[in-house]
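Working notes for the structure below.
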Amino acid sequence: MNHSYPNQLVLIGPAWPLRGGISLFTVRLAQAFSKKGIHTKVINFSRLYPASLFPGQSQETPETKSSVGNRTLDSCFPITWIRSVRRIRDCSPDAVIITWWHVWFWPCYRYIVWALRKAGFPVFILCHNCWPHESGPGRHWLTRNLLRNSDGLLFLSRFAQKCWPESGPPSISLFHPFYEWPEWPLHPLGSWTGRILWAGYGRSYKGLDMALEILEHDRDLRLTVAGDFYDKNLLTKIQAMQIKYGERLKLYLRYCTDAELVRLVDQHDLLLCPYKEVSQSGMAAFALGRGRPVVATPVGGLPEQIGLKVGVVAEMASTDALLEAISAIYSYKPLYWASGIQSVREFWSWRRLADMLCASLQDFQRTGNQKRRNDRNEI
80 MNHSYPNQLV
90 LIGPAWPLRG
100 GISLFTVRLA
110 QAFSKKGIHT
120 KVINFSRLYP
130 ASLFPGQSQE
140 TPETKSSVGN
150 RTLDSCFPIT
160 WIRSVRRIRD
170 CSPDAVIITW
180 WHVWFWPCYR
190 YIVWALRKAG
200 FPVFILCHNC
210 WPHESGPGRH
220 WLTRNLLRNS
230 DGLLFLSRFA
240 QKCWPESGPP
250 SISLFHPFYE
260 WPEWPLHPLG
270 SWTGRILWAG
280 YGRSYKGLDM
290 ALEILEHDRD
300 LRLTVAGDFY
310 DKNLLTKIQA
320 MQIKYGERLK
330 LYLRYCTDAE
340 LVRLVDQHDL
350 LLCPYKEVSQ
360 SGMAAFALGR
370 GRPVVATPVG
380 GLPEQIGLKV
390 GVVAEMASTD
400 ALLEAISAIY
410 SYKPLYWASG
420 IQSVREFWSW
430 RRLADMLCAS
440 LQDFQRTGNQ
450 KRRNDRNEI
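Counting from 80, one number per residue, gives the positions in the sequence shown under our numbering.
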């Protein structure tokens with residue numbers, strides 16, 4: 080697909096050396112655009128959160144990773160927002176894509192959207208999390224306020240797009256590509272081991288309680304839990320469970336680097352995503368990229384992401400249903416799932432996502448010029 084638009088693009092969001100799945104997503108998306116010949120500039124953060132809001136040890140990955148883009152943004156200092164807008168205006172991009180995932184960034188992003196659109200630059204919001212997972216006064220209003228004042232919304236699942244009201248800026252549903260790691264060869268399983276993995280940030284909506292209950296019902300399974308836990312009550316419960324289950328429950332209760340996650344995924348039969356709510360799963364994209372099937376609950380965008388060839392979606396969000404889904408995985412040999420995942424890699428590729436995004440931006444540009452002129456007159 081040959082696109083004449085955009086020729087120059089700005090991505091605003093966290094990227095390396097900042098840690099986490101959204102930083103990795105930004106880096107891979109920028110690389111995909113660059114491979115298409117699009118001049119891509121990343122406006123990165125020097126700091127995401129103040130120390131009072133970040134209970135972890137560091138906001139940067141301990142891995143040695145080169146900084147991506149200009150680390151000019153600090154969510155706490157408005158002067159950096161102004162400087163970033165000036166940088167963007169100086170490079171005159173055809174479009175600006177802002178990564179949205181948490182309401183904390185509303186002041187920063189709201190100013191940037193206002194300033195750039197007033198200067199005539201189309202601004203699109205790429206929504207990792209449209210609505211906040213935690214309840215709190217004003218969070219939904221702030222989210223709606225930001226998204227409604229953009230030129231277009233880019234969702235990573237049809238589910239997320241359907242959750243957004245039809246009124247407002249145009250929107251499109253995309254997908255979350257697999258994470259590929261050419262530097263680390265794939266390690267297909269020769270036989271099942273009975274080891275399953277739960278990985279990610281320890282949050283109550285990710286259904287770790289159901290994952291732990293699986294050990295109670297199936298004594299042949301072993302579970303590994305890996306990730307940072309900021310919920311002290313949940314952390315205490317997990318540590319108590321390790322005393323109960325012994326070697327059947329392994330814990331890595333800390334941030335895991337990309338290299339560590341690759342090793343962990345490769346050592347397990349499957350990834351378990353027993354989420355209670357979600358738009359899509361970056362961890363599922365990570366496991367599928369390593370050739371491991373995924374078992375997931377039928378919530379949010381997971382049924383779109385976990386197709387017949389790459390995993391099993393449980394009939395409901397319950398321990399019994401998850402056990403049935405795990406049994407369905409084990410009813411086939413590992414090669415069946417590895418072959419299925421391999422057959423859809425191109426469909427779930429970053430190249431295809433970049434193509435879809437370029438086509439979407441081109442459509443938005445073609446139909447939105449008059450709307451932007453009207454909006455600027457109202458700002």
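Quick reminder that beta carbons are idealized off the backbone N, C-alpha and C, glycines included.
As the structure is a prediction and not an experimental result, all values here were calculated from the model.
Whole-angstrom distance between residue j and residue i, CA atom to CA atom
i, j, result
"G286", "G100", "19 Å"
"R451", "E339", "Because the pLDDT of R451 is 48, which lies under 50, any placement of that residue in the model is unreliable, and the number read from its coordinates should be weighed accordingly. Distance between the alpha carbons of R451 and E339: 46 Å."
"P244", "F257", "29 Å"
"I177", "D299", "46 Å"
"G370", "E259", "10 Å"
"N81", "A278", "Caution is warranted here: a pLDDT of 46 is assigned to N81, below 50, making its placement in the model unreliable, and the coordinate value is therefore given only provisionally. Approximately 38 Å between the Cα atoms of the pair."
"C274", "T303", "For the sequence presented, residue 274 should be read as Arg rather than Cys. R274 and T303: Cα-Cα distance of roughly 7 Å."
"R223", "D307", "29 Å"
"A438", "Q110", "17 Å"
"T272", "F238", "34 Å"
"W427", "H255", "7 Å"
"W263", "N123", "26 Å"
"S145", "A393", "40 Å"
"S246", "L294", "46 Å"
"C396", "L195", "Residue 396 is actually Ala in this sequence, not Cys. Their backbone Cα atoms lie some 43 Å apart in a straight line."
"Q318", "R301", "16 Å"
"W220", "G269", "51 Å"
"Y84", "V423", "28 Å"
"L226", "V192", "10 Å"
"L265", "A417", "10 Å"
"L367", "D173", "33 Å"
"F200", "W160", "16 Å"
"Q346", "I322", "23 Å"
"S163", "C206", "21 Å"
"V357", "R445", "32 Å"
"R168", "S125", "20 Å"
"F104", "M362", "11 Å"
"L402", "L387", "17 Å"
Selected residue, minimal CA-CA separation from residue i, among the options
i, options, result
"S406", "W427, Q421 and A375", "A375"
"Y184", "D153, R165 and R196", "Residue identity check: residue 184 is Phe in the sequence provided, not Tyr. Ranking D153, R165 and R196 by Cα distance to F184 puts D153 first."
"F443", "I204, H118 and S125", "I204"
"Y411", "T398, L226, G390 and W95", "G390"
"P413", "A433, W427 and P372", "P372"
"K462", "L367, L265, W210 and Q87", "A query on residue 462 cannot be resolved here, the shown segment of the chain reaching from 80 to 458 and no further."
"P382", "D169, Q441 and L235", "L235"
"S360", "Y284, L291, L314 and N149", "Y284"
"I251", "P261, C242, M362 and L232", "L232"
"G148", "R165, I385 and V89", "V89"
"H296", "P186, P141, L440 and D399", "D399"
"D337", "K355, L328, Y354 and A364", "A364"
"W179", "W210, P216 and F112", "W210"
"R150", "V344, V121 and Y409", "V121"
"L127", "R165, V182 and P141", "V182"
Environment of residue i [buried if 16+ CB atoms lie within 10 Å]
i, result
"G325", "exposed"
"R107", "buried"
"Q248", "This sequence places Pro at residue 248; Gln is not what is there. Classification of P248: buried, given that the 10 Å Cβ count is 16 or more."
"P93", "buried"
"I91", "buried"
"W95", "buried"
"R98", "buried"
"Y415", "exposed"
"L132", "exposed"
"C170", "exposed"
"F156", "exposed"
"Y309", "exposed"
"L351", "buried"
"A198", "exposed"
"P216", "exposed"
Residue i in three-state terms, based on DSSP
i, result
"N149", "strand"
"C352", "strand"
"R430", "helix"
"G273", "coil"
"R451", "Low per-residue confidence applies at R451: pLDDT is 48, beneath 50, and the placement is therefore not dependable, though the value from the model is reported in the following sentence. Helix at R451."
"W260", "coil"
"V179", "Reading off the sequence shown, one finds Trp at residue 179, where the question assumed Val. Note: W179 maps to strand in three-state DSSP."
"H82", "Its pLDDT being 49, under 50, H82 is placed unreliably by the model, and the measurement read from it follows with that caveat. Of the three classes helix, strand and coil, the one that applies to H82 here is coil, per DSSP."
"S418", "helix"
"S163", "helix"
"S283", "helix"
"S439", "helix"
Distance cut-off 7 Å: residue i Cβ against heavy atoms of the ligand GTP
i, result
"V304", "Because no ligand of any kind appears in the structure shown, any question about the ligand GTP cannot be addressed here."
- Message: What ranges does the beta strand (DSSP E) occupy inside the stretch 194-246, keeping only unbroken runs of at least 3 residues that lie completely in it?
- Response: Listed in chain order, they are 202-206 and 231-234.
- Item | Contiguous alpha helix (DSSP H) assignments of at least 4 residues, all confined to the stretch 362-414 | For the stretch 362-414, whole alpha helix (DSSP H) runs of length 4 or above, ordered along the chain, are 381-384 and 398-409.
- Which residue spans inside the stretch 286-350 form an unbroken beta strand (DSSP E) run of at least 3? Counting whole runs of 3 or more residues, the stretch 286-350 contains the beta strand (DSSP E) stretches 301-305 and 328-331.
- Unbroken stretches of the alpha helix (DSSP H), 4 residues or longer, contained in the stretch 86-159: Listed in chain order, the complete alpha helix (DSSP H) runs (minimum 4 residues) inside the stretch 86-159 are 100-114.
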